[in-house]
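Each residue of the sequence shown is one higher than the one before, starting from 19 at the first, in our numbering. Encoded as structure tokens, the structure appears first; notes follow it.
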Amino acid sequence: MSEILVLYYSRHGATAKMAHEIAHGIERLSGITARLRTVPEVSAVCEAVEDSIPDTGAPYASLDDLQDCIGLAMGSPTHFGNMAAPLKYFLDSTTPVWLAGGLAGKPAALFISTSSLHGGQETTLLSMMLPLLHHGMLLVGLPYSETTLLTTTTGGTPYGASHVAGVNNDRPLSDEEIRQCHALGRRLAEVAKAQQAAGLIGSGGA
Ligand SMILES: Cc1cc2nc3c(=O)[nH]c(=O)nc-3n(C[C@H](O)[C@H](O)[C@H](O)COP(=O)(O)O)c2cc1C
Numbered sequence: 019m020s021e022i023l024v025l026y027y028s029r030h031g032a033t034a035k036m037a038h039e040i041a042h043g044i045e046r047l048s049g050i051t052a053r054l055r056t057v058p059e060v061s062a063v064c065e066a067v068e069d070s071i072p073d074t075g076a077p078y079a080s081l082d083d084l085q086d087c088i089g090l091a092m093g094s095p096t097h098f099g100n101m102a103a104p105l106k107y108f109l110d111s112t113t114p115v116w117l118a119g120g121l122a123g124k125p126a127a128l129f130i131s132t133s134s135l136h137g138g139q140e141t142t143l144l145s146m147m148l149p150l151l152h153h154g155m156l157l158v159g160l161p162y163s164e165t166t167l168l169t170t171t172t173g174g175t176p177y178g179a180s181h182v183a184g185v186n187n188d189r190p191l192s193d194e195e196i197r198q199c200h201a202l203g204r205r206l207a208e209v210a211k212a213q214q215a216a217g218l219i220g221s222g223g224a
């Protein structure tokens with residue numbers, strides 16, 4: 019059984035909901051399972067150390083999770099038009115994986131949540147691609163054959179899945195947003211499986 023890492027940060031739960039829908043999409047492909055992982059908050063108090071296991075939800079990600087998996091779905095809330103600091107902080111710890119080429123040739127897909135429709139969905143998705151390109155990952159987006167991209171009045175971009183959570187962060191995922199999460203997860207799994215079958219990814223890392 020091969021696994022795809024669903025790595026996300028979520029302060030208030032919207033991105034976490036998307037992570038579960040992405041995982042459903044991934045697991046629509048037989049032989050592939052999703053490994054859900056999150057990252058701890060970062061603290062302005064340098065001595066503060068989080069427990070190694072969160073009280074609720076997905077476990078914290080380790081560098082081994084990146085090495086082990088054959089693909090990566092990465093999600094964040096938009097914070098000022100960019101990914102949130104805890105996810106960036108985790109990515110900044112991945113130099114050993116980068117030196118080993120541990121993500122090179124593996125596919126990656128992105129998902130994000132904003133409060134407002136024009137609050138920086140595309141800028142967040144595009145900027146999240148940059149560190150993954152440094153790692154040599156192959157980016158997977160959503161084609162317009164996912165026709166909800168043409169008609170959505172909530173989230174949905176060709177650069178990745180997105181959710182408009184509303185100013186109180188209480189809007190549920192729309193039918194289109196759920197469908198797009200499933201389509202993106204499945205597409206990521208298909209590419210990972212093809213890369214693996216072509217011998218371009220080792221089952222335990224690149
Ligand atoms: C520090 C901070 C910055 C934010 N910046 C933006 C922004 O630039 N655009 C936007 O639409 N929403 C912004 N938001 C709102 C979040 O992106 C939105 O509530 C999101 O759905 C939260 O996801 P979560 O529930 O997974 O934490 C910001 C929220 C915080 C806390």
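Here a beta-carbon is modelled for each residue, glycine too, at the ideal position from N, C-alpha and C. Since this is a predicted model, take the numbers as computed values, not measurements.
Under the three-state DSSP convention, the category residue i falls into
i      : result
Tyr107 : helix
Glu21  : strand
Ala34  : helix
Gly49  : coil
His181 : strand
His97  : strand
Thr169 : helix
Leu157 : strand
Ala102 : coil
Pro190 : coil
Arg55  : strand
Thr74  : coil
Thr142 : helix
Gly203 : helix
Ile196 : helix
Gly137 : coil
Glu68  : coil
Span separating the alpha-carbon of residue i from that of residue j
i      : j      : result
Leu168 : His97  : 26 Å
Phe129 : Leu202 : 9 Å
Leu148 : Val158 : 13 Å
Ser145 : Met155 : 14 Å
Ser94  : Gln214 : 27 Å
Leu206 : Ile88  : 10 Å
Leu25  : Phe108 : 10 Å
Thr113 : Ala37  : 25 Å
Met19  : Ala52  : 10 Å
Arg197 : Thr170 : 11 Å
Glu195 : Trp116 : 32 Å
Ser134 : Lys106 : 22 Å
Thr74  : Pro104 : 17 Å
Where residue i falls, given that 16 or more other Cβ within 10 Å makes a residue buried
i      : result
Tyr177 : buried
Tyr162 : exposed
Glu67  : Going by the sequence as given, residue 67 is Val instead of Glu. The residue is exposed, with fewer than 16 neighbouring Cβ atoms inside 10 Å.
Pro190 : exposed
His118 : Note that residue 118 is Ala in the sequence shown, not His. Burial call: exposed.
Leu151 : exposed
Cys199 : buried
Thr175 : buried
Asp165 : According to the sequence displayed, residue 165 carries Thr and not Asp. Result: exposed.
Identified DSSP bridge partners for residue i
i      : result
Met14  : Not covered by the structure: residue 14. The range shown for the chain is 19 to 224.
Thr175 : Gly178
#### Entry: Given 8 Å, three or more beta-carbon pairs between the segment 29 to 46 and the segment 182 to 198
As far as the Cβ criterion goes, the segment 29 to 46 touches the segment 182 to 198, which means the pair count is three or higher.
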